[in-house]
Amino acid sequence: MTENKRTTIVLFSGDYDKAMAAYIIANGAAAYDHEVTIFHTFWGLNALRKDENIPVKKGFMENMFGKMMPRGADKMSLSKMNFAGFGPKMIKGIMKKHNALTLPQLIEMAQEQDVKLVACTMTMDLLGLQKEELLDQIEYAGVAAYLGDAQEGNVNLFI
Amino acid sequence: MTENKRTTIVLFSGDYDKAMAAYIIANGAAAYDHEVTIFHTFWGLNALRKDENIPVKKGFMENMFGKMMPRGADKMSLSKMNFAGFGPKMIKGIMKKHNALTLPQLIEMAQEQDVKLVACTMTMDLLGLQKEELLDQIEYAGVAAYLGDAQEGNVNLFI
Amino acid sequence: MTENKRTTIVLFSGDYDKAMAAYIIANGAAAYDHEVTIFHTFWGLNALRKDENIPVKKGFMENMFGKMMPRGADKMSLSKMNFAGFGPKMIKGIMKKHNALTLPQLIEMAQEQDVKLVACTMTMDLLGLQKEELLDQIEYAGVAAYLGDAQEGNVNLFI
Numbered sequence: 048m049t050e051n052k053r054t055t056i057v058l059f060s061g062d063y064d065k066a067m068a069a070y071i072i073a074n075g076a077a078a079y080d081h082e083v084t085i086f087h088t089f090w091g092l093n094a095l096r097k098d099e100n101i102p103v104k105k106g107f108m109e110n111m112f113g114k115m116m117p118r119g120a121d122k123m124s125l126s127k128m129n130f131a132g133f134g135p136k137m138i139k140g141i142m143k144k145h146n147a148l149t150l151p152q153l154i155e156m157a158q159e160q161d162v163k164l165v166a167c168t169m170t171m172d173l174l175g176l177q178k179e180e181l182l183d184q185i186e187y188a189g190v191a192a193y194l195g196d197a198q199e200g201n202v203n204l205f206i
Numbered sequence: 048m049t050e051n052k053r054t055t056i057v058l059f060s061g062d063y064d065k066a067m068a069a070y071i072i073a074n075g076a077a078a079y080d081h082e083v084t085i086f087h088t089f090w091g092l093n094a095l096r097k098d099e100n101i102p103v104k105k106g107f108m109e110n111m112f113g114k115m116m117p118r119g120a121d122k123m124s125l126s127k128m129n130f131a132g133f134g135p136k137m138i139k140g141i142m143k144k145h146n147a148l149t150l151p152q153l154i155e156m157a158q159e160q161d162v163k164l165v166a167c168t169m170t171m172d173l174l175g176l177q178k179e180e181l182l183d184q185i186e187y188a189g190v191a192a193y194l195g196d197a198q199e200g201n202v203n204l205f206i
Numbered sequence: 048m049t050e051n052k053r054t055t056i057v058l059f060s061g062d063y064d065k066a067m068a069a070y071i072i073a074n075g076a077a078a079y080d081h082e083v084t085i086f087h088t089f090w091g092l093n094a095l096r097k098d099e100n101i102p103v104k105k106g107f108m109e110n111m112f113g114k115m116m117p118r119g120a121d122k123m124s125l126s127k128m129n130f131a132g133f134g135p136k137m138i139k140g141i142m143k144k145h146n147a148l149t150l151p152q153l154i155e156m157a158q159e160q161d162v163k164l165v166a167c168t169m170t171m172d173l174l175g176l177q178k179e180e181l182l183d184q185i186e187y188a189g190v191a192a193y194l195g196d197a198q199e200g201n202v203n204l205f206i
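Protein chains in written order, with this note's numbering: chain D, 48 to 206; chain L, 48 to 206; chain Y, 48 to 206.
What follows is the structure, encoded as structure tokens:
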């Protein structure tokens with residue numbers, strides 16, 4: 048139907064399983080020569096957090112949000128059957144047994160395949176997340192840049 | 048890729064944060080000359096409810112559903128970290144501090160920008176919501192009208 | 048905009064109401080001559096489970112997951128107001144009163160309308176689901192096949 052194949056995903060969810068689905072589709076699309084963007088907004092920004100504690104100055108509420116949200120992809124919880132953290136352990140056990148890639152590995156693969164990882168600056172501001180806390184080599188943009196990418200392709204997903 | 052730029056969003060979710068994301072994308076797309084439709088179905092219909100109590104005749108179960116669901120955009124809860132209503136208060140506090148638009152303001156802006164707001168008649172029936180309870184100047188339609196809009200554009204999202 | 052009308056849905060969610068929305072859109076699109084695919088992944092695979100117990104050999108964790116997940120569309124829960132199973136009963140009561148189709152009926156109608164129902168083999172493996180446990184006359188594929196369908200049309204949804 049179209050010549051430039053393009054997949055653009057809004058990752059809104061902060062769930063491990065939903066982020067996995069987003070990154071599996073993104074990596075698949077990149078392997079089939081799509082230009083791929085993942086636009087991380089709201090809780091989806093947590094997938095881009097570094098796992099160490101980065102000391103940055105924040106307001107009181109932003110600090111509380113920062114402490115309550117998972118620090119990095121590996122600490123995210125499941126959308127279903129989380130069982131206070133036992134669900135993710137089960138899933139990760141099964142994934143290891145089946146040699147499936149973990150979410151941090153899927154993110155690394157996406158970066159190697161030149162998937163454009165974007166952090167939504169408006170919601171970073173809202174949740175009090177700062178650039179120092181997020182992975183290196185990602186881009187920062189707003190809804191206008193998202194739409195610029197989205198309208199160029201037909202595989203558009205909100206996850 | 049296409050000449051008529053169009054964004055069509057199904058708003059299924061009744062969460063404050065997801066509805067915010069839907070309306071931010073919709074307002075952005077309208078600003079960039081997209082024709083934009085938000086098709087509200089299931090819990091997403093609550094974003095269109097008036098905040099006052101509208102006396103209408105209902106069956107017993109429809110009445111119960113009506114009482115249990117949030118009356119209007121401002122009363123919706125968060126998809127994550129809701130903390131029995133404390134999460135939305137935090138988010139709204141931060142939004143105020145950052146001069147971000149609230150959900151009711153985003154909906155008003157969408158109406159000013161001629162974003163087409165549609166209520167799904169089939170699910171209104173199911174949840175026992177009546178036209179008197181919903182905002183003025185919205186449209187009423189079913190899945191056929193949704194598809195008519197969706198198939199004309201390439202930015203299609205289910206939120 | 049395009050000649051071959053096509054709707055491709057990723058059904059990730061295991062919620063009754065979200066699966067209903069997916070199948071209502073799919074059936075509507077099929078009625079309007081779209082080629083329609085529903086790609087079931089993660090918890091969405093539960094919509095394709097047979098409702099009887101199928102004895103198959105599984106590992107310990109796969110067996111636990113299999114027991115904890117709903118066996119078939121009729122046993123799925125609501126994304127909102129589930130109230131430990133009371134919510135689905137209410138919704139089903141209201142649906143019966145309004146002569147709305149149940150989820151199992153919507154799935155049957157989709158099969159009659161030649162909607163392509165696909166089970167994601169990678170996540171079947173992860174959740175320990177086997178072909179014997181799923182409905183007959185469905186297809187089995189991975190992300191490459193999904194993308195092959197998705198990139199041919201412009202109504203792409205992740206539910």
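Note that CB positions come from ideal geometry on N, CA and C, so glycine has one too.
Original post:
Where do the ends of the beta strand (DSSP E) carrying Leu204 of chain D lie?
Top reply: 202 to 205
**OP:** Report whether the distance from the Cβ of Phe107 of chain L to the nearest heavy atom of the ligand COA is below 6 Å.
**Re:** As far as ligands go, the structure on display features none, and thus does not contain the ligand COA.
Original post:
Hey, would you say Leu153 of chain Y sits closer than 7 Å to Ile56 of chain Y, going by beta carbons?
Top reply: no
Subject >> Residues from the region 64 to 81 of chain D in contact with chain Y, defined by Cβ distance under 9 Å >> reply: Asp64, Lys65, Met67, Ala68, Ala69, Ile71, Ile72, Asn74, Gly75, Ala76, Ala78, Tyr79, His81
Subject >> Euclidean distance between Cα positions of Ala216 of chain L and Leu150 of chain Y >> reply: What is shown of chain L runs 48 to 206, which leaves residue 216 of chain L out entirely.
**OP:** Indicate whether at least one CB of chain Y lies closer than 7 Å to the CB of Trp206 of chain D.
**Re:** In the sequence under discussion, the amino acid at residue 206 of chain D is Ile, which differs from the Trp named in the question. It does; some Cβ of chain Y falls within 7 Å.
Original post:
Could you give the uninterrupted runs of the beta strand (DSSP E) lying entirely in the region 115 to 194 of chain D, keeping only those of 3 residues or more?
Top reply: 163 to 167, 186 to 188
Original post:
Is there a Cβ from chain L that is less than 7 Å from the Cβ of Gly137 of chain Y?
Top reply: The sequence shown places Met at residue 137 of chain Y, rather than the Gly named in the question. With 7 Å as the cut-off, Met137 of chain Y counts as an interface residue toward chain L.
Subject >> Range covered by the alpha helix (DSSP H) that runs through Ile71 of chain Y >> reply: 63 to 78
Subject >> Interface positions of the region 134 to 162 of chain Y facing chain L (Cβ-Cβ less than 8 Å), listed along the chain >> reply: Met137, Ile138, Gly140, Ile141, Met142, Lys144, His145, Ala147
**OP:** Enumerate in chain order the residues of its own chain whose CB-to-CB distance from Asp113 of chain Y is below 8 Å, with the five nearest sequence positions on each side excluded.
**Re:** The sequence given here has Gly at residue 113 of chain Y, not Asp. Closer than 8 Å at Cβ, skipping near neighbours: Lys105, Leu174, Gly175, Leu176, Glu180.
**OP:** Please report how far the alpha carbon of Leu92 of chain D lies from the alpha carbon of Ala66 of chain L, in whole angstroms.
**Re:** 17 Å
**OP:** Return no unless some Cβ of chain D is closer than 7 Å to the Cβ of Val202 of chain L.
**Re:** yes
**OP:** Pull up the distance between the alpha-carbon of Leu125 of chain L and that of Gly61 of chain L, whole angstroms please.
**Re:** 9 Å
Original post:
In chain Y, which residues lie with their C-beta within 7 Å of the C-beta of Met128 of chain D?
Top reply: Met115
Original post:
Quick one: Cα of Ala131 of chain D to Cα of Glu199 of chain L, how far?
Top reply: 44 Å
**OP:** Consult DSSP for Phe89 of chain D and reduce its assignment to one of helix, strand or coil.
**Re:** helix
Original post:
List, in order along the chain, the chain L residues whose C-beta lies closer than 7 Å to that of Lys52 of chain Y?
Top reply: Gln198
**OP:** Under 8 Å between beta-carbons, which chain Y residues line up against Glu109 of chain L? List them in chain order, please.
**Re:** Ile141
**OP:** Report the partner residues of Leu95 of chain Y according to the DSSP bridge assignment.
**Re:** Paired residues: none, contrary to the question.
**OP:** Please classify Ala191 of chain D: is it buried, with 16 or more other beta-carbons within 10 angstroms of its beta-carbon, or exposed?
**Re:** exposed
Original post:
By the criterion of Cβ-Cβ separation under 9 Å, what are the contact partners of Gly132 of chain D in chain B?
Top reply: The structure shown has no chain B; the protein chains it does contain are D, L and Y.
Subject >> Glu199 of chain Y (DSSP reduced to helix, strand or coil) >> reply: coil
**OP:** Mark His87 of chain Y as exposed unless 16 or more other C-beta atoms lie within 10 angstroms of its C-beta, in which case mark it buried.
**Re:** buried
Subject >> Contact check, Tyr63 of chain D vs Met123 of chain D, beta carbons under 7 Å >> reply: yes
Original post:
Does the Cβ-Cβ distance between Gly189 of chain Y and Met169 of chain Y come in under 7 Å?
Top reply: yes
Original post:
Buried or exposed: which applies to Ile101 of chain D, given that a residue is buried once 16 or more other Cβ atoms fall within 10 Å of its Cβ?
Top reply: exposed
Subject >> Inter-residue Cα distance where the pair is Leu182 of chain D and Met111 of chain L >> reply: 47 Å
Original post:
If the cut is a Cβ gap below 7 Å, which residues of chain L does Gly61 of chain D touch?
Top reply: Lys127
Original post:
Between Ala197 of chain D and the rest of its own chain, which residues show a CB-CB distance below 7 Å, the 5 nearest in sequence each way excluded?
Top reply: Thr55, Asn203
Subject >> Beta-carbon separation (whole angstroms), Ala157 of chain Y vs Tyr79 of chain Y, contact threshold 8 Å >> reply: With a Cβ gap of about 14 Å, Ala157 of chain Y and Tyr79 of chain Y do not count as contacting.
Original post:
Are the beta-carbon atoms of Val165 of chain D and Ala73 of chain D separated by less than 7 Å?
Top reply: no
Subject >> Per DSSP, cross-strand counterpart(s) of Leu82 of chain L >> reply: In the sequence as displayed, the identity of residue 82 of chain L is Glu instead of Leu. According to DSSP, which records beta bridges pairwise, Glu82 of chain L is partnered with L:Arg53.
Subject >> Closest residue to Tyr193 of chain D among L:Leu58, L:Gly75, L:Asn51 (Cα-Cα distance) >> reply: L:Gly75
**OP:** Pick out whichever of D:Leu58, D:Gly195, D:Met108 has its Cα sitting closest to the Cα of Lys144 of chain L.
**Re:** D:Met108
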